[in-house]
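Trainee: Which chain is which? The protein sequence lines are A and C, in order.
In short: position in the first sequence from 1, add 29, done, that's the working numbering.
In short: position in the second sequence from 1, add 29, done, that's the working numbering.
In this text, a Cβ means the ideal position worked out from N, Cα and C, and glycines have one as well.
Number of protein chains: 2
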Amino acid sequence: MKPILALTMGDVNGVGPEILAKVLTRPEVWTVCRPIVFGSAETLRETQGAVKRRPTPVRVNDVAEAQSDAEAVPVFDGGIEAPTRRPGALDAAAGRCAVEWFKLAVRCAMAQSVDGIVTCPLNKTGIHAAGYAYAGHTEILAETTASPDCRMGLFSDTMRIVHVSGHCALRDAIDKISAARVAASIRMGHDALIRLGAPARRIAVAGLNPHAGEDGAFGAEERDDILPAIEQCRREGIDCSGPHPADTVFLRMQAGAFDLTVAMYHDQGHIPLKLIAMDQGVNETLGIPIVRTSVDHGTAYDIAGKNVARDGSLWAAIRLAAAFAARERK
Amino acid sequence: MKPILALTMGDVNGVGPEILAKVLTRPEVWTVCRPIVFGSAETLRETQGAVKRRPTPVRVNDVAEAQSDAEAVPVFDGGIEAPTRRPGALDAAAGRCAVEWFKLAVRCAMAQSVDGIVTCPLNKTGIHAAGYAYAGHTEILAETTASPDCRMGLFSDTMRIVHVSGHCALRDAIDKISAARVAASIRMGHDALIRLGAPARRIAVAGLNPHAGEDGAFGAEERDDILPAIEQCRREGIDCSGPHPADTVFLRMQAGAFDLTVAMYHDQGHIPLKLIAMDQGVNETLGIPIVRTSVDHGTAYDIAGKNVARDGSLWAAIRLAAAFAARERK
Chain A
30 MKPILALTMG
40 DVNGVGPEIL
50 AKVLTRPEVW
60 TVCRPIVFGS
70 AETLRETQGA
80 VKRRPTPVRV
90 NDVAEAQSDA
100 EAVPVFDGGI
110 EAPTRRPGAL
120 DAAAGRCAVE
130 WFKLAVRCAM
140 AQSVDGIVTC
150 PLNKTGIHAA
160 GYAYAGHTEI
170 LAETTASPDC
180 RMGLFSDTMR
190 IVHVSGHCAL
200 RDAIDKISAA
210 RVAASIRMGH
220 DALIRLGAPA
230 RRIAVAGLNP
240 HAGEDGAFGA
250 EERDDILPAI
260 EQCRREGIDC
270 SGPHPADTVF
280 LRMQAGAFDL
290 TVAMYHDQGH
300 IPLKLIAMDQ
310 GVNETLGIPI
320 VRTSVDHGTA
330 YDIAGKNVAR
340 DGSLWAAIRL
350 AAAFAARERK
Chain C
30 MKPILALTMG
40 DVNGVGPEIL
50 AKVLTRPEVW
60 TVCRPIVFGS
70 AETLRETQGA
80 VKRRPTPVRV
90 NDVAEAQSDA
100 EAVPVFDGGI
110 EAPTRRPGAL
120 DAAAGRCAVE
130 WFKLAVRCAM
140 AQSVDGIVTC
150 PLNKTGIHAA
160 GYAYAGHTEI
170 LAETTASPDC
180 RMGLFSDTMR
190 IVHVSGHCAL
200 RDAIDKISAA
210 RVAASIRMGH
220 DALIRLGAPA
230 RRIAVAGLNP
240 HAGEDGAFGA
250 EERDDILPAI
260 EQCRREGIDC
270 SGPHPADTVF
280 LRMQAGAFDL
290 TVAMYHDQGH
300 IPLKLIAMDQ
310 GVNETLGIPI
320 VRTSVDHGTA
330 YDIAGKNVAR
340 DGSLWAAIRL
350 AAAFAARERK
């Protein structure tokens, strides 16, 4: 059986409904999963006006009974009604729906009634306006799955990157580097490769400082934190190496020398991936008990409602979630 | 008249002599400059054994009288004799020659008997073994040209990057960020574009933190240092903008939206440039009274003597120095 994937609509005033409507016109979606939209059937129907081919959105009351095919796509809202769509408008009600639909999807994933979650973007200011303190999906996941120590992965066809830290000031990112945290990141990357069935699992660990510190001349983190973490993981049987200079390690991964790279901070991984695979990057949360991937862009209020948003990242996120979920099922 | 460029040999046990021998077989070198090698004629002659076509190295005692053409290349050693070449061997005498030939070239450039310098790599451990405290070319330049506040530029055909700081720990690089230092970096980038005769001079300034700090949510450097520097430079008539998120600004430059980007630290600029233009990156020192470019790689002891080192970066460094120097001459 193909995995059941919850596709959350996110902020209805952002590009979420549009990219959902577009991706659902791809028959290939059903070849990798059985999709269920977590969001508003009415909003999806409205947004579909702009796209050519459409599966009919069918509002369902129970995820378990949902039938999904290219002609009809089930939509589950859990009784949470969307406000009228006003593309580009900041709306607390839209923020509330985005959070609650996502929480609903997490509960279903924890209960194994869905096999994975793929998220469309929500707007941070919008969810703050709705009274939540979350910075984004990750904080909601950390709370609802009781996983405070998760990691941001960013994967494309040729590059797989796990970040030691995520959305924080660069100064704080440096403070967060410790042997334990780097080792946990390596293990999560290794685990992700196993779950994806990767034939080789050669993990590169990037340095923090220029030239990976050049033997301690520029910073001590390589010697004090990163190298001990690599040595520990090697003792555990993980095929990892480094610390490698960050300005060539991604090129080497791109050329096939490594299967995954552990990056020391957000931009160290995001700069190379976006340069090589702008529209194909998929964000996934590692270190949580469920499968969750995400598009690698925001609500894009500036282009919402104009039907120009591309669904490439969402389609890549669906494929990756399906790959993770399919193997979990086995 | 074409500009006279001093090509310094660097560490004779590294790949310097080999890439020099190779690049001098390109007749195009003489279409952009009149080259003079600062180094050992004997070492160059020896190394040429491995290459097909060769201009004859002619040892000269006076730079001013040197005649350079594709049949004969002048070599100036200033009385500093090279040790026997032992590829890959760490040798204090090789370190001493690399430093002294380079200092000789700087003196000639300061006296305007050469119009620019292009450097082959030296080895930091080698120059320390010879008793110098310099970390590399940049520190020698800062001392000999009395320019403590210089910057590292990294240019390719489509990307031009000026770094706010160079070879130091990432933590120290963050400490170095100030409005004055960022503004000086923007001005040096602007000046470089003018000297190169760039028709447009749109300068992007990268942020330090993820998403350029996301309105102060992740770090205050964008608000406190980077934005005030941009505003100051705009008042001075420089076409600059930002702070832009670092994970997309280089892609935008690559696509033609900007002519130069100011990067906040070494790897922020080196990761994208090496990914896009590995062999074509040229290092140049900005904020000094002379023209100096450099290959963007080290001595590569592991491959020295095997005649496999590529001269692409050296050829790019010669072209860029010639472009800078030609306009200075006008």
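1) For C:E265 and C:A209, I'd like the C-alpha separation in whole angstroms.
2) Whose Cβ in chain C lies nearer than 7 Å to the Cβ of A:H196?
3) Less than 6 Å between C-beta atoms, sequence neighbours within five positions excluded: which residues of the same chain meet that for C:D40?
4) For the alpha helix (DSSP H) containing A:G45, list its first residue and its last residue.
5) Does any residue of chain A have a CB that is nearer than 9 Å to the CB of C:R200?
6) Beta carbons nearer than 8 Å to chain C: which residues of the segment 252-285 of chain A have them?
7) Under 9 Å between C-beta atoms, does A:L119 make it to chain C?
8) Whose C-alpha, out of A:C62, A:V92, A:L49 and A:P56, is nearest the C-alpha of A:R74?
9) Nearest-angstrom Cα distance between C:M293 and C:E250?
10) Where C:K31 and C:V92 are concerned, what is the direct C-alpha to C-alpha distance, given to the nearest angstrom?
11) Indicate whether the contact test is met: 3 or more Cβ pairs, each with one atom in the segment 279-286 of chain C and one in the segment 244-258 of chain C, closer than 8 Å.
12) Nearest to C:A351 by alpha carbon, out of C:V143, C:A101 and C:G298?
13) Going by the CB atoms, is the gap between A:L302 and A:F279 shorter than 9 Å?
14) Residues in its own chain within less than 6 Å of A:A225 by CB, not counting five upstream and five downstream?
15) Interface residues of chain A around C:L343 at Cβ under 9 Å?
16) Who are the Cβ neighbours of A:T349 in its own chain at under 7 Å, not counting the five residues just before and after it?
17) Provide the residue(s) that pair with C:R136 in DSSP beta bridges, ordered along the chain.
18) DSSP three-state call for A:S270: helix, strand or coil?
19) Would a check of beta-carbon distances place C:A35 closer than 9 Å to chain A?
20) Check whether the Cβ of A:D296 lies closer than 9 Å to any Cβ atom in chain C.
21) How should C:P177 be labelled, buried or exposed, when 16 other C-beta atoms within 10 angstroms of its C-beta is the threshold for buried?
22) State whether the segment 162-177 of chain A contacts the segment 59-79 of chain A, with contact taken as three or more CB pairs (one from each stretch) at a distance under 8 Å.
23) Pick from A:P84, A:I203, A:S194 and A:D268: whose alpha carbon is nearest that of A:P64?
24) Could you tell me if A:I22 is buried or exposed, where buried requires 16 or more neighbouring beta carbons within 10 angstroms of its beta carbon?
25) Under the assumption that A:V20 contacts A:G182 (Cβ atoms under 8 Å), give the Cβ distance between them as a whole number of angstroms.
26) Establish whether the CB of A:E168 and some CB of chain C are separated by less than 9 Å.
27) Check C:S342 in the structure and name its three-state DSSP category.
28) Return yes when the Cβ of C:D325 is within less than 9 Å of the Cβ of C:K51, no when it is not.
29) How long is the line joining the alpha carbons of A:V87 and C:I305, rounded to whole angstroms?
30) Would you call the CB atoms of A:V102 and A:L133 closer than 9 Å?
31) Would you list the one or two residues that DSSP bridges to A:D98?
32) Who pairs with A:N312 in a beta bridge, going by DSSP?
33) For A:R252, collect the residues of the same chain with a Cβ closer than 8 Å to its Cβ; drop the 5 residues on either side in sequence, then sort them by chain order.
34) Does any residue of chain C have a CB that is nearer than 9 Å to the CB of A:L302?
35) Less than 9 Å between the C-beta atoms of C:H295 and C:H196, yes or no?
36) Starting from C:V191, trace the beta strand (DSSP E) in both directions and tell me its first and last residue.
Mentor: According to the structure shown:
1) In the second sequence, residue 265 of chain C corresponds to position 236, counting from 1. In the second sequence, residue 209 of chain C corresponds to position 180, counting from 1. Rounded to the nearest angstrom, the two C-alpha atoms are 14 Å apart.
2) Start at 1 with the first residue of the first sequence, and residue 196 of chain A comes out as number 167. Near A:H196 (Cβ distances below 7 Å), the residues of chain C are P239 and F247.
3) Here residue 40 of chain C is taken as the residue at index 11 of the second sequence, counted from 1. Excluding sequence neighbours, C:D40 sits near A123, A127, L151, N152, G155 and T328.
4) For this step, residue 45 of chain A is matched to residue 16 along the first sequence. That run of the alpha helix (DSSP H) goes G45 to V52.
5) Mapped onto the second sequence, residue 200 of chain C falls at position 171. True, the Cβ-Cβ gap to chain A drops below 9 Å.
6) A275, D276, T277, F279, L280 and Q283
7) By 1-based counting over the first sequence, the position of residue 119 of chain A is 90. No, A:L119 lies away from the interface with chain C (no Cβ there is under 9 Å from its Cβ).
8) Working through the first sequence from its first residue, we reach residue 74 of chain A at position 45. Ranking the options by Cα distance to A:R74, first place goes to A:L49.
9) Translated into the one-based positions of the second sequence, residue 293 of chain C becomes position 264. Translated into the one-based positions of the second sequence, residue 250 of chain C becomes position 221. Their Cα atoms are separated by approximately 10 Å.
10) Here residue 31 of chain C refers to the residue found at position 2 when the second sequence is read from its first residue. Here residue 92 of chain C refers to the residue found at position 63 when the second sequence is read from its first residue. Take the alpha-carbon of C:K31 and the one of C:V92: they are about 15 Å apart.
11) No, because fewer than three Cβ pairs between the segment 279-286 of chain C and the segment 244-258 of chain C fall closer than 8 Å, the two stretches do not touch.
12) Counting from one through the second sequence, the residue named residue 351 of chain C turns up at place 322. For the options C:V143, C:A101 and C:G298, the alpha carbon positioned closest to that of C:A351 is the one of C:V143.
13) One-based indexing of the first sequence puts residue 279 of chain A at position 250. One-based indexing of the first sequence puts residue 302 of chain A at position 273. Against a cut-off of 9 Å, the Cβ pair of A:L302 and A:F279 comes out as a contact.
14) Translated into positions along the first sequence, residue 225 of chain A becomes position 196. Position check: residue 225 of chain A holds Leu in this sequence, whereas Ala was assumed. The answer, listed in chain order, is A352.
15) The residue you call residue 343 of chain C lines up with position 314 of the second sequence. Within chain A, no residue comes near C:L343; the closest Cβ sits about 18 Å away, beyond 9 Å.
16) On the first sequence, residue 349 of chain A is found 320 positions in, with the first residue counted as 1. Just to set this straight, residue 349 of chain A is Leu in the shown sequence, not Thr. Closer than 7 Å at Cβ, skipping near neighbours: F184, V311, E313 and T322.
17) Position 107 of the second sequence, counted from the first residue, corresponds to residue 136 of chain C. In DSSP, C:R136 forms no bridge with anything.
18) For the purposes of this step, residue 270 of chain A is taken as the residue at position 241 of the first sequence. Correct three-state label for A:S270: strand.
19) Position 6 of the second sequence, counted from the start, is the residue given in the question as residue 35 of chain C. So, not an interface residue.
20) The sequence position of residue 296 of chain A within the first sequence is 267, counting from 1. Yes, contact with chain C.
21) Against the second sequence, residue 177 of chain C aligns to sequence position 148. Around the beta-carbon of C:P177, fewer than 16 other beta-carbon atoms lie within 10 Å, marking it exposed.
22) Result no; under three Cβ-Cβ pairs closer than 8 Å.
23) By one-based count along the first sequence, residue 64 of chain A stands at place 35. Among A:P84, A:I203, A:S194 and A:D268, the Cα nearest to that of A:P64 belongs to A:P84.
24) Limits of chain A in this structure are 30 at one end and 359 at the other, which puts residue 22 of chain A out of reach.
25) Chain A is shown only over 30 to 359; residue 20 of chain A falls outside these bounds and no answer can be derived.
26) Locating residue 168 of chain A in the first sequence gives position 139, where the first residue counts as 1. No, no contact with chain C.
27) In the second sequence, the residue the question calls residue 342 of chain C occupies position 313. Helix.
28) Locating residue 51 of chain C in the second sequence gives position 22, where the first residue counts as 1. Locating residue 325 of chain C in the second sequence gives position 296, where the first residue counts as 1. Between C:K51 and C:D325, the C-beta spacing is not below 9 Å.
29) Counting from one through the first sequence, the residue named residue 87 of chain A turns up at place 58. Counting from one through the second sequence, the residue named residue 305 of chain C turns up at place 276. If you take the alpha carbons of A:V87 and C:I305, they lie about 47 Å apart.
30) Walking along the first sequence from the start, residue 102 of chain A turns up at place 73. Walking along the first sequence from the start, residue 133 of chain A turns up at place 104. Going by C-beta atoms, A:V102 is not nearer than 9 Å to A:L133.
31) Stepping through the first sequence from its first residue, residue 98 of chain A is reached at position 69. According to DSSP, A:D98 bridges with A:A101.
32) Translated into the one-based positions of the first sequence, residue 312 of chain A becomes position 283. Answer is A:L183 and A:S323, bridged to A:N312.
33) As a first step, residue 252 of chain A is located in the first sequence; it is residue number 223 there, counting from the start. Excluding residues up to 5 positions away in sequence, G242 and G245 lie with their Cβ nearer than 8 Å to the Cβ of A:R252 in the same chain.
34) For the purposes of this step, residue 302 of chain A is taken as the residue at position 273 of the first sequence. With 9 Å as the cut-off, A:L302 counts as an interface residue toward chain C.
35) The count along the second sequence starts at 1 and reaches residue 295 of chain C at position 266. The count along the second sequence starts at 1 and reaches residue 196 of chain C at position 167. Their beta carbons are under 9 Å apart, which means C:H295 touches C:H196 by this criterion.
36) In the second sequence, residue 191 of chain C corresponds to position 162, counting from 1. Note, C:V191: beta strand (DSSP E), R189 to H192.
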